[in-house]
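Per the UniProt record's numbering, residue 455 is the first one in the sequence shown, and the count goes up by one each step.
Glycine is no exception: its CB is placed at the ideal position from the N, C-alpha and C atoms.
So the structure is just underneath, and the comments pick up after that.
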Amino acid sequence: ESVLSDALGKGAPFMQYQDNYRSLVTSSYLMLQEVQRAIVNDEFTIHLQPKVRLHDASVVGFEALVRWQQADGSYIPPDMFIPLAEASGLISELDRQVMLKTLDAINVLKASGYALPVAFNAAVADLESPDYVDNVFSAMSDRKVDAQLLDIEITESSAMRDYETHEASLRRLISKGVSVSIDDFGTGYSSLAHVARLAATTLKIDRSFVQGLETSDSDRHVVEMVARLGRSFGYSVVAEGVETDAQRRMLLDAGCHIGQGYFYARPMPLQIAIEWLKDQEVA
Ligand code: C2E
Ligand code: CA
Ligand code: CA
Ligand code: CA
Numbered sequence: 455e456s457v458l459s460d461a462l463g464k465g466a467p468f469m470q471y472q473d474n475y476r477s478l479v480t481s482s483y484l485m486l487q488e489v490q491r492a493i494v495n496d497e498f499t500i501h502l503q504p505k506v507r508l509h510d511a512s513v514v515g516f517e518a519l520v521r522w523q524q525a526d527g528s529y530i531p532p533d534m535f536i537p538l539a540e541a542s543g544l545i546s547e548l549d550r551q552v553m554l555k556t557l558d559a560i561n562v563l564k565a566s567g568y569a570l571p572v573a574f575n576a577a578v579a580d581l582e583s584p585d586y587v588d589n590v591f592s593a594m595s596d597r598k599v600d601a602q603l604l605d606i607e608i609t610e611s612s613a614m615r616d617y618e619t620h621e622a623s624l625r626r627l628i629s630k631g632v633s634v635s636i637d638d639f640g641t642g643y644s645s646l647a648h649v650a651r652l653a654a655t656t657l658k659i660d661r662s663f664v665q666g667l668e669t670s671d672s673d674r675h676v677v678e679m680v681a682r683l684g685r686s687f688g689y690s691v692v693a694e695g696v697e698t699d700a701q702r703r704m705l706l707d708a709g710c711h712i713g714q715g716y717f718y719a720r721p722m723p724l725q726i727a728i729e730w731l732k733d734q735e736v737a
């Protein structure tokens, strides 16, 4: 008798699977209700993580990352609720709140003497909405934020999905002076032909390649290639997930000049970021 038929005979694996599946569905559904409630109650906040020049650590800007703090003070990681929000259509409203908070943060930073660009993340559903770019522009003019201080990060896989359609939106943003960063670059499937004429100002090399710099020749080659290619096509190139000084030096050797990661700072609340800036060089 095979193990399989034995197990099937008892029905055990199936029952177990069904139970796991049920609890997964139930917990996702509860989480989704919680996300919806949190949107209505305006519970999402942002933390800011600096982007710096790798040769002297001078600050060139920030990325805003959504945060969801619970009553007990803990945070639910974005990777747990962003995919759910994307799948359910709640992401557009969530990202809109994050965008508005980012614009407010840009103004507070500016009033504190730091006119630095701040990026926020856009999901594919955002770009797919025909009003998205107009909504960004009208929020910018409502809040009197200079386009030069705004940077939108969109993952390579989202940007490439239906690129023909997204290209027009991305070009509209860029023509107004907004930066467009292709996030997690290297993990999607941009063809060489696309890279040459991407509607983007910046390529953000995915953390996985930075993490592999010291141990993997292939990761190092990807970083070198993206840095060289990116620069030759006129993009600025940023490395994410810089955690060590060795990575910092290898990135510089590879021709990448800007980075972001725990080696410099973790994402932090706006007021902490302003305190932190007082001890930094600003580019
Ligand atoms: P991402 O855009 O690639 O953001 C970078 C993530 O890497 C952040 O995780 C950040 O905290 C983390 N990180 C930064 N430096 C380091 C480092 O040196 N080492 C390591 N191990 N991690 C580092 P976080 O905040 O958990 O965000 C996860 C993802 O959730 C983001 O990845 C982004 O794709 C998504 N996300 C975050 N905020 C938003 C948002 O407002 N809207 C949308 N649509 N997606 C968001
Ligand atoms: Ca990002
Ligand atoms: Ca990223
Ligand atoms: Ca990433």
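Outcome for residue 533 when other beta-carbon atoms lying within 10 angstroms are tallied against a minimum of 16: Here the question's residue 533 lines up with position 79 in the sequence shown. Under this definition residue 533 is an exposed residue.
Going along the chain, which residues of its own chain have a beta-carbon closer than 8 Å to the beta-carbon of residue 511, five neighbours each way excluded? Within the sequence shown, numbered from 1, the residue matching residue 511 stands at position 57. When the five nearest sequence neighbours on each side are left out, the beta carbons in the same chain lying within less than 8 Å of the beta carbon of residue 511 are those of 718, 734, 735, in order along the chain.
Near residue 508, which residues of its chain fall below 8 Å by C-beta distance, leaving aside the five closest residues on each side in sequence? Mapped onto the sequence shown, residue 508 falls at position 54. Within the same chain, residue 508 has close Cβ partners 693, 696, 702, 705, 706, 710, 711, 712, 713.
Just to confirm, are residue 608 and residue 579 a CB contact at a threshold of 8 Å? Within the sequence shown, residue 608 is the residue found at index 154, counting from 1. Within the sequence shown, residue 579 is the residue found at index 125, counting from 1. Not in contact: residue 608 and residue 579 (Cβ atoms no closer than 8 Å).
Does the contact criterion of 3 or more C-beta pairs under 8 Å hold for the stretch 593–611 versus the stretch 526–545? Taking a cut-off of 8 Å for Cβ pairs, the stretch 593–611 and the stretch 526–545 do not touch, as fewer than three such pairs fall below it.
By the three-class DSSP mapping on this structure, what secondary structure does residue 724 have? Residue 724 sits at position 270 when you count from the first residue of the sequence shown. It is helical.
Check whether the Cβ of residue 716 sits closer than 7 Å to any heavy atom of ligand 1, and report yes or no. Working through the sequence shown from its first residue, we reach residue 716 at position 262. Yes, the Cβ of residue 716 comes within 7 Å of a heavy atom of ligand 1.
Hey, how far is the Cα of residue 516 from the Cα of residue 731? Along the sequence shown, one-based indexing puts residue 516 at 62. Along the sequence shown, one-based indexing puts residue 731 at 277. Our two residues, residue 516 and residue 731, have alpha carbons roughly 11 Å apart in a direct line.
Express the C-alpha separation of residue 530 and residue 657 in angstroms, rounding to a whole number. By one-based count along the sequence shown, residue 657 stands at place 203. By one-based count along the sequence shown, residue 530 stands at place 76. Each residue's CA atom was taken as its position, placing residue 657 and residue 530 some 28 Å apart.
If contacts are defined as beta-carbon pairs under 8 Å, then residue 601 and residue 642 qualify, I think. What distance do you get, rounded to the angstrom? Here residue 601 is taken as the residue at index 147 of the sequence shown, counted from 1. Here residue 642 is taken as the residue at index 188 of the sequence shown, counted from 1. With a beta-carbon spacing of about 26 Å, residue 601 and residue 642 fall beyond the 8 Å limit used to define contacts.
Complete runs of the alpha helix (DSSP H) confined to the stretch 629–658 [at least 4 residues]: Within the stretch 629–658, the complete alpha helix (DSSP H) runs of at least 4 residues are 646–650.
Within 7 Å: the Cβ of residue 584 and any heavy atom of ligand 1? Locating residue 584 in the sequence shown gives position 130, where the first residue counts as 1. Residue 584 Cβ: outside cutoff for every heavy atom of ligand 1.
Is it buried or exposed for residue 668, if we count other Cβ within 10 angstroms and need 16 for buried? Counting from one through the sequence shown, the residue named residue 668 turns up at place 214. Answer is exposed; the Cβ neighbour count stays below 16.
Just curious, the beta strand (DSSP E) that residue 575 is in, first and last residue? Walking along the sequence shown from the start, residue 575 turns up at place 121. Start and end: 572–576.
Quick check on the burial criterion: 16 or more other C-beta atoms within 10 angstroms. Buried or exposed for residue 727? Residue mapping note: residue 727 aligns to position 273 of the sequence shown, counting from 1. The residue is buried, with at least 16 neighbouring Cβ atoms inside 10 Å.
With distance defined between alpha-carbon atoms, name the residue in 559, 551, 612 nearest to residue 589. By 1-based counting over the sequence shown, the position of residue 589 is 135. The shortest C-alpha separation from residue 589 is found at 551.
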